[in-house]
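Single-structure report; data block below.
Spelled out as structure tokens, the structure:
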């Protein structure tokens, strides 16, 4: 089993292994909270059947919150081009896909999505940190992998194809969702039953 894994993955240093465990535990905790009904309070998911706490939550507008969530990860990707300018094609793909993904999300926040709600800073902080640390450690892990022989099974090009399919489909559905809320309304989003959104 180990030889099969080694043909697909690079051996990770201790820091990357530790951060992988921290990320898995953190995301597991968030998932369990969602299952138990304690939802992260942002955008269309705020006020979804959860009892209101008596303590005052600091909120920002959903647009501001989403910009705060995506911008550090975009900047990490963009800065990585300057920090690691002469790396191999695989690393270029990693930097490019991460940077493009968060750039697309920022453009969607600015020009596609329609907002009516707010976002609790208590929810915004772990979301932003999760996106940022994941981006930084993916880039860092790929930097550390420089000099290792290429894996026997090269998944670069199938990965790029899947990325392009995913990012295109994601953008298409965000455009569809933005049309569900009329400009200036503050009502909750209607959840659609068409176009693979059920």
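Residue numbers (UniProt numbering): 1 to 198.
Here a beta-carbon is modelled for each residue, glycine too, at the ideal position from N, C-alpha and C.
query	result
Does the Cβ of residue 107 have 16 or more other Cβ atoms within 10 Å, making it buried, or fewer, making it exposed?	exposed
Shortest alpha-carbon distance to residue 114 belongs to which of 21, 14, 61 and 149?	61
Look at residue 98 and residue 138 and say whether their C-beta atoms are less than 8 Å apart.	yes
Only counting the same chain, and skipping five residues up and downstream in sequence, which positions put a Cβ closer than 8 Å to that of residue 133?	19 and 23
Inspect the beta-carbon positions of residue 109 and residue 63 and report whether they are closer than 8 Å.	yes
Identify the continuous alpha helix (DSSP H) that holds residue 80 and give its terminal residues.	62-83
Taking 8 Å as the threshold (C-beta atoms), are residue 26 and residue 130 in contact?	yes
On a CA-only basis, which of 31, 178 and 170 is nearest residue 116? Give me that one, please.	178
I need the DSSP call for residue 31, collapsed to helix, strand or coil.	helix
Classify residue 146 as buried or exposed, calling it buried when 16 or more other Cβ atoms lie within 10 Å of its own Cβ.	exposed
When you compare the CB positions of residue 84 and residue 143, do they come within less than 8 Å of one another, or not?	yes
Which partner residues does residue 59 have in the DSSP bridge list?	120
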